[in-house]
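2 protein chains.
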Amino acid sequence: MPIGLHALVRRAHEERVLRALRERGALSRGVIAEQVGLSRTTLSEIISGLLQRGAITVVDTDRDLRTGSGRPAERLALDPASGQFMGVDFGHRRVQVAVADASHEVIASGSDRYADDSSWQHRFTVALDLIDRLGDDSGVRFGALQAIGIGLPGPYPNTVLHGHAGPGSAEDADSAGAAETVFADRFGAAVVVDNNTRFAALAEAIAAHGDSPDDLVYVRLSDGVGGGLVVGGRLVTGATGLAGELGHVTALPGGRGCRCGKRGCLETVASVPAILAECRARGAAVHTLEQLAAAVANGDTTVDSVLTEATDALGRVIAAAAMALNPAGVVVGGRITALAPVLVERVRAVVAADMFPGADAPAVRAARLSDDDGALGALAALFHSSPLLAGYPEPDVAPTHAVQPPR
Amino acid sequence: MPIGLHALVRRAHEERVLRALRERGALSRGVIAEQVGLSRTTLSEIISGLLQRGAITVVDTDRDLRTGSGRPAERLALDPASGQFMGVDFGHRRVQVAVADASHEVIASGSDRYADDSSWQHRFTVALDLIDRLGDDSGVRFGALQAIGIGLPGPYPNTVLHGHAGPGSAEDADSAGAAETVFADRFGAAVVVDNNTRFAALAEAIAAHGDSPDDLVYVRLSDGVGGGLVVGGRLVTGATGLAGELGHVTALPGGRGCRCGKRGCLETVASVPAILAECRARGAAVHTLEQLAAAVANGDTTVDSVLTEATDALGRVIAAAAMALNPAGVVVGGRITALAPVLVERVRAVVAADMFPGADAPAVRAARLSDDDGALGALAALFHSSPLLAGYPEPDVAPTHAVQPPR
Numbered sequence: 066m067p068i069g070l071h072a073l074v075r076r077a078h079e080e081r082v083l084r085a086l087r088e089r090g091a092l093s094r095g096v097i098a099e100q101v102g103l104s105r106t107t108l109s110e111i112i113s114g115l116l117q118r119g120a121i122t123v124v125d126t127d128r129d130l131r132t133g134s135g136r137p138a139e140r141l142a143l144d145p146a147s148g149q150f151m152g153v154d155f156g157h158r159r160v161q162v163a164v165a166d167a168s169h170e171v172i173a174s175g176s177d178r179y180a181d182d183s184s185w186q187h188r189f190t191v192a193l194d195l196i197d198r199l200g201d202d203s204g205v206r207f208g209a210l211q212a213i214g215i216g217l218p219g220p221y222p223n224t225v226l227h228g229h230a231g232p233g234s235a236e237d238a239d240s241a242g243a244a245e246t247v248f249a250d251r252f253g254a255a256v257v258v259d260n261n262t263r264f265a266a267l268a269e270a271i272a273a274h275g276d277s278p279d280d281l282v283y284v285r286l287s288d289g290v291g292g293g294l295v296v297g298g299r300l301v302t303g304a305t306g307l308a309g310e311l312g313h314v315t316a317l318p319g320g321r322g323c324r325c326g327k328r329g330c331l332e333t334v335a336s337v338p339a340i341l342a343e344c345r346a347r348g349a350a351v352h353t354l355e356q357l358a359a360a361v362a363n364g365d366t367t368v369d370s371v372l373t374e375a376t377d378a379l380g381r382v383i384a385a386a387a388m389a390l391n392p393a394g395v396v397v398g399g400r401i402t403a404l405a406p407v408l409v410e411r412v413r414a415v416v417a418a419d420m421f422p423g424a425d426a427p428a429v430r431a432a433r434l435s436d437d438d439g440a441l442g443a444l445a446a447l448f449h450s451s452p453l454l455a456g457y458p459e460p461d462v463a464p465t466h467a468v469q470p471p472r
Numbered sequence: 066m067p068i069g070l071h072a073l074v075r076r077a078h079e080e081r082v083l084r085a086l087r088e089r090g091a092l093s094r095g096v097i098a099e100q101v102g103l104s105r106t107t108l109s110e111i112i113s114g115l116l117q118r119g120a121i122t123v124v125d126t127d128r129d130l131r132t133g134s135g136r137p138a139e140r141l142a143l144d145p146a147s148g149q150f151m152g153v154d155f156g157h158r159r160v161q162v163a164v165a166d167a168s169h170e171v172i173a174s175g176s177d178r179y180a181d182d183s184s185w186q187h188r189f190t191v192a193l194d195l196i197d198r199l200g201d202d203s204g205v206r207f208g209a210l211q212a213i214g215i216g217l218p219g220p221y222p223n224t225v226l227h228g229h230a231g232p233g234s235a236e237d238a239d240s241a242g243a244a245e246t247v248f249a250d251r252f253g254a255a256v257v258v259d260n261n262t263r264f265a266a267l268a269e270a271i272a273a274h275g276d277s278p279d280d281l282v283y284v285r286l287s288d289g290v291g292g293g294l295v296v297g298g299r300l301v302t303g304a305t306g307l308a309g310e311l312g313h314v315t316a317l318p319g320g321r322g323c324r325c326g327k328r329g330c331l332e333t334v335a336s337v338p339a340i341l342a343e344c345r346a347r348g349a350a351v352h353t354l355e356q357l358a359a360a361v362a363n364g365d366t367t368v369d370s371v372l373t374e375a376t377d378a379l380g381r382v383i384a385a386a387a388m389a390l391n392p393a394g395v396v397v398g399g400r401i402t403a404l405a406p407v408l409v410e411r412v413r414a415v416v417a418a419d420m421f422p423g424a425d426a427p428a429v430r431a432a433r434l435s436d437d438d439g440a441l442g443a444l445a446a447l448f449h450s451s452p453l454l455a456g457y458p459e460p461d462v463a464p465t466h467a468v469q470p471p472r
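And the structure:
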């Protein structure tokens with residue numbers, strides 16, 4: 066969505082006012098004007114807009130703070146019930162939404178499901194209904210959204226990332242453009258679209274705080290298998306925005322057909338549906354992750370052998386990536402890793418066996434975040450405050466960084 | 066090699082004098098003093114040193130240029146026959162040396178061989194003898210070396226890169242330190258040590274000029290199989306300096322034993338000795354690359370099937386790396402690619418078949434450079450003038466960047 070210069074400057078002003086309120090709490094108009102260096106006229110216009118959209122609110126007057134005479138001035142503050150940034154993660158079968166306020170705290174989140182073969186229009190409707198319910202249930206207003214980050218699964222259905230067309234049908238390739246249009250129209254905010262697992266990798270790397278290595282391989286097992294890479298302290302996109310697609314590395318040459326059109330992709334062996342289907346094909350009555358976890362706990366040998374084969378394939382693919390990239394850490398995400406921790410243990414063993422004898426194998430651990438990782442990563446990309454995003458396309462939703470507004 | 070502050074400052078002064086002469090041609094002492102902003106005393110000391118080491122030479126006097134009276138002043142200039150920077154590439158069976166003058170032109174290069182099981186002490190002796198011969202044959206003097214870049218094969222014998230210990234025996238781990246000591250002692254210059262195939266990848270990426278993609282996978286087939294990665298426009302080292310070791314990705318699980326200690330590494334199938342040995346094991350009398358090329362040209366079916374198996378394995382490993390990294394280009398280096406171009410064609414086909422259907426496969430091509438790529442890459446790393454080296458450890462041999470000398 067192209068944004069005009071006027072809108073950019075207005076956003077920059079808004080962001081400065083919001084930052085002042087975020088950092089210093091409730092302030093009078095006079096103090097805000099001093100703090101942000103805007104004329105009273107410009108400031109008045111900015112504040113009216115923010116009040117109208119519910120981003121800020123009048124909290125009290127400065128009566129108790131004044132020592133001199135004169136009429137007490139109203140004090141303004143951030144409305145804690147107002148969403149400023151929204152992250153949306155469209156998976157193959159569910160959408161996850163997280164909304165953060167101006168102080169970057171998540172103030173509402175939730176998810177809903179749809180069928181794997183749903184049209185994009187249906188997925189968008191499910192997402193917008195979910196967002197309405199989140200607003201009703203939590204009292205969050207979305208009148209002040211600065212930006213929306215949307216994660217889409219890749220490469221199927223395929224997405225247009227950073228202006229590069231991904232593989233696949235024209236219909237699929239339109240999903241990113243369609244998402245951008247639908248959300249920009251609905252909320253009047255700037256929209257950033259990227260790969261959802263890359264967003265998850267970003268969230269996971271940030272969640273690790275100081276513990277986050279400069280070189281990280283992230284893999285997420287869910288309805289599909291996706292990945293994200295951090296190399297030299299930076300999140301990697303690749304030449305056409307497709308970097309990190311470990312789910313479509315060939316794990317079993319000539320194996321089962323994958324929805325991407327190839328055969329034997331890692332995803333055909335190690336995605337959650339693939340694991341559950343293989344368990345059932347071998348006679349184990351396992352239809353959900355919870356049933357899988359119970360079967361593992363009960364020592365079900367059929368389920369155990371399916372998991373062993375999946376982790377062998379996953380471990381080999383991760384080991385090849387680790388040999389190429391020499392990361393300090395490998396993170397395996399997805400709810401399955403919490404329910405069946407044995408999976409991460411086995412991957413760790415396979416990776417260690419496949420490294421140079423004597424070399425330090427990368428530390429393999431389960432993700433810290435859960436299924437909302439993609440939505441949280443989308444928020445992080447909007448904030449653009451992590452060094453991981455150095456060299457990453459700067460979203461045009463952070464005008465305080467990108468534009469020096471006239472004083 | 067730790068360098069004292071005094072030496073650093075002296076080097077910085079020298080580099081400024083050399084740069085002035087490089088940019089402006091022959092100059093008198095007076096003009097140099099003006100140009101570089103040094104006192105006559107300091108300058109006199111610096112110039113004496115440079116003259117003594119043969120880096121610069123007295124070419125004429127300024128008699129013809131003078132309009133006033135007074136004794137004509139000597140003019141000094143770079144000695145075009147003096148090496149300033151040296152790149153050394155130690156392979157498993159040969160050492161390659163390239164020497165560049167102060168204007169970064171290569172003025173001498175050559176190579177010599179040793180047995181695969183030679184001690185490091187022997188390899189160093191072979192290299193130093195080669196350097197002596199290069200000097201005698203070409204009239205190049207090495208008295209003015211500013212820095213030496215040394216590439217060593219990894220991970221076997223193993224090297225210490227950027228302060229991180231690689232895998233392997235203590236003896237092996239000492240090779241980098243030993244190389245540093247031997248060359249620093251011999252030439253009195255700063256020494257930088259890194260992986261030789263990473264140096265080759267750097268040279269190849271630079272040689273591609275504007276054509277060089279921001280995301281590149283480089284693989285070199287020679288006595289071993291090594292690799293180097295460019296991600297987001299930067300040469301990648303990995304967490305412990307081992308990034309790019311595609312030769313030790315497991316290509317055939319349970320396959321032949323590799324010298325690294327694992328089984329079925331790509332190197333056991335696709336290195337030049339592995340290919341030649343397999344041809345001979347199947348009855349083809351092929352002992353050299355030239356004989357291999359002739360057999361390919363003659364349509365030898367045995368040799369053809371060996372090459373097919375090698376390229377299948379190579380293609381699969383490259384495809385997995387390409388799926389993870391989404392590079393725009395893949396470069397296959399090593400003399401074998403020039404002698405048997407069919408190898409690159411086949412790798413191209415395997416990689417294309419293993420990418421997403423419909424996705425643009427990365428462009429796969431043979432390297433532009435030949436066997437001196439590692440030595441040239443070592444020189445490039447010394448110059449540190451490529452954006453590919455952003456974020457890369459700055460060698461302490463470029464003090465004009467790293468140190469602001471006192472005026």
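As you go down the protein sequences, you meet chains A and B in turn.
Here our numbering is used: the first residue of the first sequence is 66, the next is one more, and so on.
Here our numbering is used: the first residue of the second sequence is 66, the next is one more, and so on.
We put the beta carbon where it would ideally sit given N, CA and C, even for glycine.
* To do: Taking C-beta pairs closer than 9 Å, name the residues in chain A that residue 15 (chain B) reaches, listed in chain order.
  => As displayed, chain B neither begins before 66 nor continues past 472, which places residue 15 (chain B) out of reach and without an answer.
* 8 Å Cβ cutoff, residue 280 (chain B) in contact with chain A -> True, the Cβ-Cβ gap to chain A drops below 8 Å.
* Does residue 393 (chain B) come within less than 8 Å of chain A when only Cβ atoms are used? -> For residue 393 (chain B), the nearest beta carbon of chain A is closer than 8 Å to its own beta carbon.
* At least three beta-carbon pairs within less than 8 Å, the region 247-267 of chain B to the region 430-445 of chain B -> Judged by pairs of C-beta atoms under 8 Å, the region 247-267 of chain B touches the region 430-445 of chain B, as three or more such pairs exist.
* Quick one: is residue 236 (chain B) near chain A, going by C-beta distance under 8 Å? -> Residue confidence is low: residue 236 (chain B) scores 45 on pLDDT, short of 50, so the model does not pin down where it sits. No coordinate-derived value is stated.
* To do: Counting only runs of 4+ residues fully inside the region 291-376 of chain B, write out the alpha helix (DSSP H) ranges in chain order.
  => Secondary structure within the region 291-376 of chain B: the alpha helix (DSSP H) runs of 4 or more consecutive residues, fully enclosed, are 332-335, 337-346, 354-362 (chain order).
* To do: Counting only the same chain and skipping the five closest in sequence on each side, list residues whose C-beta sits under 7 Å from that of residue 146 (chain B).
  => Around residue 146 (chain B): 204, 205, 206.
* At a Cβ threshold of 8 Å, is residue 385 (chain B) touching chain A? -> Yes, residue 385 (chain B) lies at the interface with chain A (some Cβ there is under 8 Å from its Cβ).
* To do: Give a yes or no on whether 8 Å exceeds the smallest Cβ distance from residue 204 (chain A) to chain B.
  => No - not a single Cβ of chain B is within 8 Å of the one on residue 204 (chain A).
* Asked: Between residue 248 (chain A) and the rest of its own chain, which residues show a CB-CB distance below 7 Å, the 5 nearest in sequence each way excluded?
  -> Counting only Cβ-Cβ distances below 7 Å, and skipping sequence neighbours, we find 213, 215, 256.
* To do: Consult DSSP for residue 378 (chain B) and reduce its assignment to one of helix, strand or coil.
  => Three-state result, residue 378 (chain B): helix.
* Can you tell me the Cα-Cα spacing of residue 116 (chain B) and residue 166 (chain B), whole angstroms? -> So the alpha carbons of these two residues sit roughly 15 Å apart.
* Delimiting residues of the beta strand (DSSP E) encompassing residue 125 (chain A) -> Taken as a continuous stretch (DSSP letters only), the beta strand (DSSP E) holding residue 125 (chain A) covers 121-126.
* **N-terminal and C-terminal residue of the alpha helix (DSSP H) that residue 177 (chain A) is part of** => If you look at residue 177 (chain A), you'll find it isn't in any alpha helix (DSSP H); it sits in the beta strand (DSSP E) that goes 171-178.
* Secondary structure at residue 249 (chain A), three-state DSSP: helix, strand or coil? -> Residue 249 (chain A): helix per DSSP, three-state reduction.
* **Residues of the region 94-128 of chain A with Cβ closer than 8 Å to any Cβ of chain B, in chain order** => So the list is empty, because no residue satisfies the distance condition.
* To do: With 8 Å as the threshold, decide whether the Cβ of residue 399 (chain B) is near any Cβ in chain A.
  => By the rule that beta-carbons nearer than 8 Å mark a contact, residue 399 (chain B) does not touch chain A.
* **Status (buried if at least 16 other CB within 10 Å, exposed otherwise) for residue 269 (chain A)** => So residue 269 (chain A) counts as buried.
* Asked: Are the beta-carbon atoms belonging to residue 87 (chain B) and residue 98 (chain B) less than 8 Å from one another?
  -> The answer is no: Cβ separation not under 8 Å.
* To do: Note down the Cα distance separating residue 379 (chain A) from residue 171 (chain A), rounded to an integer number of angstroms.
  => Distance between the alpha carbons of residue 379 (chain A) and residue 171 (chain A): 33 Å.
* To do: Taking residue 126 (chain B) as the reference, give the member of B:338, B:136, B:356, B:111 with the closest Cα.
  => Closest in alpha carbon position to residue 126 (chain B), among B:338, B:136, B:356, B:111, is B:136.
* Does the distance from the C-beta atom of residue 290 (chain A) to that of residue 296 (chain A) stay below 8 Å? -> Their beta carbons are not under 8 Å apart, which means residue 290 (chain A) does not touch residue 296 (chain A) by this criterion.
* Test item: CB-CB of residue 307 (chain A) and residue 394 (chain A) under 8 Å -> No, the Cβ-Cβ distance between residue 307 (chain A) and residue 394 (chain A) is not below 8 Å.
* Asked: Counting only beta-carbon atoms, is residue 508 (chain A) nearer than 8 Å to chain B?
  -> Summary: the structure shown does not reach residue 508 (chain A), with chain A confined to residues 66 through 472, and so no result is reported for it.
* To do: Note down, in chain order, all residues in the region 329-362 of chain A with a beta-carbon under 7 Å from any beta-carbon belonging to chain B.
  => Listed in sequence order: no entries.
* To do: Can you say whether residue 130 (chain A) is buried or exposed, counting buried as having 16 or more other CB atoms within 10 angstroms of its CB?
  => Answer is exposed; the Cβ neighbour count stays below 16.
* **Proximity test, Cβ basis, 8 Å: residue 304 (chain B) and chain A** => Taking Cβ atoms only, chain A reaches closer than 8 Å to residue 304 (chain B), which makes this a yes.
* **Among A:387, A:350, A:189, the one whose alpha carbon lies nearest that of residue 293 (chain A)** => Selected option, being the one with the closest Cα: A:387.
* Any C-beta of chain A sitting closer than 8 Å to the C-beta of residue 273 (chain B)? -> It does not; no Cβ of chain A falls within 8 Å.
* To do: List the residues that DSSP assigns as beta-bridge partners of residue 260 (chain B).
  => According to DSSP, residue 260 (chain B) bridges with B:217.
* For residue 254 (chain B) and chain A, any beta-carbon pair shorter than 8 Å? -> So, not an interface residue.
* To do: Consider the Cβ of residue 425 (chain B): report whether some Cβ of chain A lies at a distance smaller than 8 Å.
  => Residue 425 (chain B) belongs to the set of residues whose beta carbon lies under 8 Å from a beta carbon in chain A.
* Which listed residue (A:91, A:174, A:448) has its alpha carbon closest to that of residue 199 (chain A) -> Closest in alpha carbon position to residue 199 (chain A), among A:91, A:174, A:448, is A:174.
* **As assigned by DSSP and simplified to three states, the class of residue 516 (chain B)** => Coverage of chain B is limited to positions 66 through 472, which leaves residue 516 (chain B) absent and any answer about it impossible.
* To do: Would you mind giving the Cβ-Cβ distance between residue 381 (chain A) and residue 415 (chain A), rounded to the nearest angstrom? I have them listed as a contact below 8 Å.
  => Correct: roughly 7 Å between the Cβ atoms.
* Considering only residues of the same chain and omitting the five flanking positions on each side of residue 250 (chain B), which have a CB-CB separation below 6 Å? -> By the criterion of a C-beta distance shorter than 6 Å, residue 250 (chain B) is surrounded by no residue of its chain, once the five residues flanking it on both sides are discounted.
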